[in-house]
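End of the sequence shown sits at 149 in the numbering used here; the numbers just go up one at a time, nothing left out. Every residue, glycine too, gets a C-beta built ideally from N, C-alpha and C. Every value quoted in this text rests on a predicted model; they were computed, and no experiment measured them.
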Amino acid sequence: LQCLRIVSCFGMKVRSDLLELLDGLAIAPPGGFKPYLRVLVDRGILEIASPMVAFTHDLIQEQVYEGIPAKDRQQLHFDIGKFLGSKTSLDVGCQNKPLDAAIDRLYVRDASDDKGGFVDG
């Protein structure tokens, strides 16, 4: 059940290598995701189309996700985000700056264009 809950937090599909990375997370299922994924595929709940793991139907994903108590769901998202954040380096130009400054680096307003636009990087 924990495997399904974590997968459902990503929506309909998630990269299999991301799940492998999450094996290091304390809330990951015992023994990692791989053994559980095989069983869930055999039961028709998930399908694997490398590199993606996906629910076979959106109603299954929705039911699993909505079945997680709200507090547990918030904690799962927090734990996943914190873990992934610890594995990802931040843009050095945005460190130690207010959130507005980080957003300004992504969204550049052209003086000749009132609409502004995203920076292609």
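| Query | Result |
| --- | --- |
| Reduced DSSP secondary structure (H/G/I, E/B, other) of residue 88 | helix |
| Nearest neighbour of residue 54, chosen from 104, 113 and 44 [CA to CA] | 104 |
| C-beta atoms of residue 32 and residue 68 nearer than 8 Å | yes |
| According to DSSP, residues forming a beta bridge with residue 73 | Answer is none; residue 73 lacks a bridge partner. |
| Nearest candidate by alpha-carbon position, reference residue 107, set 88, 50, 80 and 40 | 50 |
| Cβ shell of residue 75 (< 7 Å), same chain only, five flanking positions each side left out | 69, 82 and 84 |
| Buried versus exposed, by CB contacts within 10 Å (16 or more), residue 57 | buried |
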